[in-house]
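First comes the structure, then the notes that go with it.
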Amino acid sequence: MKHPRFSRLALAAAGVVLALGLTGCDTMSSVHPDADTEQVSADTALAALEQIPVKGRAPKTGYSREEFGDAWADIDRNGCDTRNDVLNRDLSDVADVNSVPCKVEFGVLEDPYTGTRIEFQRGQDTSSDVQIDHVVALSNAWQTGAQQLSIEKRIQFANDPLNLRAADGPTNNAKGDGDAATWLPPNNAFRCEYVAAQTAVKAEYGLWMTTAEHDAIARVLTTCPNQPLPGADSPRFTPDK
């Protein structure tokens with residue numbers, strides 16, 4: 000099932016593109032001089048980026064992992080926690096623990112962050128070889144609008160497949176809570192997809208970007224102006240009333 004969450008963004012971006020055509024202004028080219036304006040369609044990450052607010056980072060005061068719920072929730076009530084759901088999604092040749100269906104015992108990750116192949120084996124000394132990265136880090140989200148969300152929405156954020164990727168553990172540790180201005184995947188070929196995912200997550204949850212973050216993402220996306228805005232078949236909480 001295709002994910003329908005970005006229709007409002009596509010409509011807004013389409014309005015921007017239409018306005019540019021009517022006025023004859025080359026605004027998109029002035030913001031992104033390397034982008035071909037005619038090639039930037041309304042459903043691209045580059046178009047969605049222009050709809051995201053840009054302002055300063057809020058203080059980190061009050062942040063803790065618990066503000067986003069326990070790690071990891073079984074958000075879709077399928078009997079598997081989110082970590083194992085993502086491992087099952089992102090790894091190949093998966094074998095589960097015999098007594099616990101869907102708990103991953105072994106698998107192979109073609110790591111997008113490094114471009115290397117990692118054999119995952121569950122165990123005290125090996126499980127951390129593959130970690131689950133929050134594409135938009137939780138503390139970054141806290142400082143760019145998430146502290147204004149309800150706890151239910153923050154739990155959703157922390158467990159949303161759109162914002163999660165299995166990745167090389169040491170590389171994920173190196174990223175920390177960095178945004179695109181301070182950290183990008185070492186694998187250059189994955190950077191367009193990576194920042195497109197960050198853009199999609201921030202758009203979905205109404206978060207903002209700092210100027211440095213926005214500009215870093217724009218620099219990447221101007222090399223791939225047709226990079227689509229990703230979606231996900233993500234389990235959802237009932238929207239806040």
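The numbering of the sequence shown is numbering that gives the first Met the number 0, which starts it at 0 and goes up by one. Just so it is clear, CB atoms sit at the ideal spot from N, CA and C, and this is done for glycine as well.
Original post:
CB-CB under 7 Å to W71, same chain, minus the five flanking residues each way: which ones, in chain order?
Top reply: Excluding residues up to 5 positions away in sequence, D80, T81, R82 and N158 lie with their Cβ nearer than 7 Å to the Cβ of W71 in the same chain.
**OP:** Spatial neighbours of N139 within its chain, please: CB distance less than 6 Å, with the 5 preceding and 5 following residues excluded, ordered by chain position.
**Re:** Around N139: D176 and D178.
**OP:** Quick one: residues in its chain with C-beta nearer than 6 Å to the C-beta of S91, no 5 flanking neighbours on either side, listed in chain order?
**Re:** Cβ neighbours of S91 beyond the five flanking positions: V107.
**OP:** With a threshold of 16 other CB atoms inside 10 Å of the CB of T143, please say whether the residue is buried or exposed.
**Re:** By the 10 Å Cβ count, T143 comes out buried.
Original post:
Using the beta-carbon count (16 or more within 10 Å), is K54 buried or exposed?
Top reply: Exposed, because fewer than 16 other Cβ atoms sit within 10 Å of the Cβ of K54.
**OP:** Helix, strand or coil for E49, going by three-state DSSP, please let me know.
**Re:** Coil, per DSSP.
Subject >> Contacts around Q130, its chain only, beta-carbon distance under 8 Å, and the 5 residues preceding and following it disregarded >> reply: Only A165, A166, D167, G168, N171 and N172 meet the Cβ criterion.
Original post:
Can you name the start and end residues of the beta strand (DSSP E) that F105 belongs to?
Top reply: It spans V99 to E109 - the beta strand (DSSP E) in which F105 sits, taken as one unbroken run.
Subject >> Boundaries of the alpha helix (DSSP H) in which V200 is found, first to last residue >> reply: Residues R190 to E203.
Original post:
What does L161 pair with, by DSSP beta-bridge criteria?
Top reply: DSSP, once it has assigned bridges, lists no residue as partnering L161.
Original post:
Given that a residue counts as buried once 16 or more other Cβ atoms are within 10 Å of its Cβ, and exposed if not, what is D25?
Top reply: Note that D25 has pLDDT 37, beneath the 50 cutoff, so the model's placement of it is unreliable and no number is given.
Subject >> Identified DSSP bridge partners for I117 >> reply: Looking at the DSSP assignment, I117 forms a beta bridge with L108.
**OP:** Run the CB neighbour count on T198, radius 10 Å, all protein chains shown included, and call it buried at 16 or more, exposed below.
**Re:** Buried: at least 16 other Cβ atoms inside 10 Å.
Subject >> Where S127 sits in the DSSP three-state scheme >> reply: The DSSP-derived three-state label of S127 is helix.
Original post:
So the alpha helix (DSSP H) S138 belongs to, where does it begin and stop?
Top reply: L137 to Q142 is the extent of the alpha helix (DSSP H) around S138.
**OP:** Taking D95 as part of the beta strand (DSSP E), name the residues at either end of that continuous run.
**Re:** Boundaries of the beta strand (DSSP E) harbouring D95: S91 to V96, taken from the DSSP string.
Original post:
Which word fits A44, buried or exposed, when buried means at least 16 other C-beta atoms lie within 10 angstroms of its C-beta?
Top reply: Buried.
Subject >> Given S98 as reference, the closest of G78, P224 and W207 once Cα atoms are compared >> reply: Per the Cα distances, G78.
Subject >> R88 versus V134: straight-line alpha-carbon distance, rounded >> reply: Going from the Cα of R88 to the Cα of V134 covers about 16 Å.
Original post:
Quick one: what does DSSP say T81 is sitting in, helix, strand or coil?
Top reply: Annotated three-state conformation of T81 is helix, per DSSP.
Original post:
Under a three-way DSSP split, which group does A217 fall into?
Top reply: Here A217 sits in helix by DSSP.
**OP:** Could you work out which residue in D42, Q146 and F67 is closest to K59 when comparing CA atoms only?
**Re:** The residue from D42, Q146 and F67 with its alpha-carbon nearest to that of K59 is Q146.
**OP:** Would you decide whether I150 is buried or exposed? Buried here means 16 or more other CB atoms lie within 10 Å of its CB.
**Re:** For I150, the number of other beta carbons within 10 angstroms of its own is below 16, and it is reported as exposed.
**OP:** May I have the straight-line CA-CA distance separating D243 from L163, to the nearest angstrom?
**Re:** Because the chain here runs from 0 to 240, residue 243 falls outside it and cannot be looked at.
**OP:** Tell me whether M27 is buried or exposed, calling it buried when 16 or more other Cβ atoms sit within 10 Å of its Cβ.
**Re:** Note on M27: pLDDT 36, under 50, position unreliable in the model; the coordinate value appears next. Per the 10 Å Cβ criterion, buried.
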